[in-house]
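Asks: The structure is given below, and queries will be raised subsequently.
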Amino acid sequence: MAEKKTHVAVIFGGRSGEHAVSLMSAKFVLQMLNAACYQVTQIGITRDGAWYAGDGVLAALEAEDFASLQPAALLGDPTRPGLKSIHAADGAELLRTLAEVDVVFPVLHGTYGEDGTLQGLLEMAGVAYVGAGVLGSSVGMDKALFADVMTANSIPVADSVLLLRSEIQTDIEAAVAKAESVSGYPLFIKPANLGSSVGVSKASGHSDLIEALMYAAQYDRRIVVQRGYNAREIEVAVLGNDAPQASVCGEVVPEAEFYSYEAKYHDDRSKSYIPAEIPAETSERIRELALKAYLACDLAGLARVDFFLDRDSGEVVLNEVNTLPGFTSISMYPQLWKASGLDGEALVDRLIELALERRAQRAATMHEYRRGG
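Laid out in structure tokens, this is it:
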């Protein structure tokens, strides 16, 4: 009798400025799932938040043609497990079980996927899933909160200040003054809760800063203004749960002024060097800080941790952590692990193992009070 395949549901798309990146990542993950080991169901979420499931969903989302797709839903009720299909009948909507899912593999970047919201649904449903939980996802997603947690754990981070959209809309000059208090120019302006450099700008003066603040405020109500560094960009991939491991270090050298969205996904002139050509003691320091940050945020499964290495002083500064990093064929996360001896297929296998391990840990937790233990 053939061994039962693990049923993996890969979720992609989503209501995020990183929707298109998610589709590129999903294509790579789907290719890495060995058909001999896994039964795979595609779940696509449109830009409006509609869920669809079945074969060909990725292609349909790429074409933005949903007419032939099956509406779907995942309930937060653990007594009604499985992915549900939605059928219209006599003016009502009926739910039927479409698939029993063993592991959910979220390939969602940004809001409603990487920020703890989807993870909360999956926790309530009691299903195993790849990646960090609600707490780690939320902390890792919000750049301002993350910086506070790193500071509390004596991990060096870039100087920054938090602005609210309401501050920018109410008094732009006061917002500019607050932003300029961080340091001299250049300054980097970022939506606090997005990745892939969506909404990020470099400001070299007063007028640039006004434009950058208005631009970032379109993507988030919390905006981080960060000191610019004359730095090399060093990245480390982390894999594991309670005993994580760090990959070799890699360096990103953007062709543009900084590693923007266009530079990451549409400009093949940007270069990456794996391993990074840095002193062994610097590499070890960066890898140690990456693991320390990972554990401080209670992360799980995977994360890419990004650093600045100051060209003048040699200072190492942690920039940010990505709990669901880009997973395209050229993305740093899989490339860093490939250089560390773990190819794409083995990496995906390990992530699924870690998801099941984390699910077993959650199942061992008591959720009701029993007097006397």
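For the sequence shown, the working numbering assigns the number 1 to the initial residue and increments by one for each residue that follows.
The beta carbon of each residue, even a glycine, is placed where N, CA and C say it ideally should be.
All of these numbers come straight from a predicted model, not from anything done at the bench.
In terms of residues, what are the limits of the beta strand (DSSP E) holding D142?
Replies: Taken as a continuous stretch (DSSP letters only), D142 belongs to no beta strand (DSSP E), as it is neither H nor E.
Asks: Considering only their Cβ atoms, is the gap separating D142 from R80 smaller than 8 Å?
Replies: No, Cβ-Cβ distance for R80 and D142 is not below 8 Å.
Asks: Output the distance between the C-alpha atoms of A179 and Y229, rounded to the nearest integer angstrom.
Replies: Approximately 16 Å, taken between the alpha carbons.
Asks: M85 by DSSP, collapsed to three states: which one?
Replies: The amino acid at residue 85 is misidentified as Met; the sequence shows Ser. Strand, per DSSP.
Asks: Is DSSP giving G240 helix, strand or coil here?
Replies: It is a strand residue.
Asks: Decide if A363 is buried, meaning its Cβ has at least 16 other Cβ atoms within 10 Å, or exposed.
Replies: Answer is exposed; the Cβ neighbour count stays below 16.
Asks: Near E320, what residues of its chain come up, given a Cβ to Cβ distance below 7 Å and the 5 sequence neighbours on each side ignored?
Replies: Counting only Cβ-Cβ distances below 7 Å, and skipping sequence neighbours, we find K143, F146, D306.
Asks: Taking the alpha carbon of G120 as the reference point, which residue from A128, T328, G110, G133 has its own alpha carbon closest?
Replies: G120 has its Cα closest to that of G133, out of A128, T328, G110, G133.
Asks: Near K4, which residues of its chain fall below 7 Å by C-beta distance, leaving aside the five closest residues on each side in sequence?
Replies: Excluding sequence neighbours, K4 sits near nothing in its chain.
Asks: Specify the secondary structure class of R232 as computed by DSSP and reduced to three states.
Replies: R232 falls in the strand class under three-state DSSP.
Asks: Determine, using beta carbons only, whether S247 and S340 come nearer to each other than 8 Å.
Replies: Yes, these two residues count as a Cβ contact at 8 Å.
Asks: Output yes or no for whether 8 Å exceeds the beta carbon distance between R165 and A217.
Replies: Contact: yes.
Asks: Taking the continuous alpha helix (DSSP H) assigned at G120, which residues delimit it?
Replies: It spans 117-125 - the alpha helix (DSSP H) in which G120 sits, taken as one unbroken run.
Asks: Using only the alpha-carbon positions, how far apart do Y265 and Q335 sit?
Replies: The pLDDT assigned to Y265 is 47, lower than 50, so where the model puts this residue is not dependable, and the model offers no usable value.
Asks: To the nearest angstrom, how far is it from the Cα of D220 to the Cα of V198?
Replies: Roughly 11 Å between the two C-alpha positions.
Asks: In chain order, what residues of the same chain lie with their CB nearer than 7 Å to the CB of I291, ignoring the 5 residues before and after it?
Replies: One detail in the question is off: residue 291 reads as Leu in this sequence, not Ile. Within the same chain, L291 has close Cβ partners V238, P244, A246.
Asks: Among I155, F105, V252, which residue has its Cα nearest to the Cα of I274?
Replies: Ranking the options by Cα distance to I274, first place goes to V252.
Asks: Can you give me the C-alpha to C-alpha distance between D396 and A158, rounded to a whole angstrom?
Replies: Summary: the structure shown does not reach residue 396, with the chain confined to residues 1 through 373, and so no result is reported for it.
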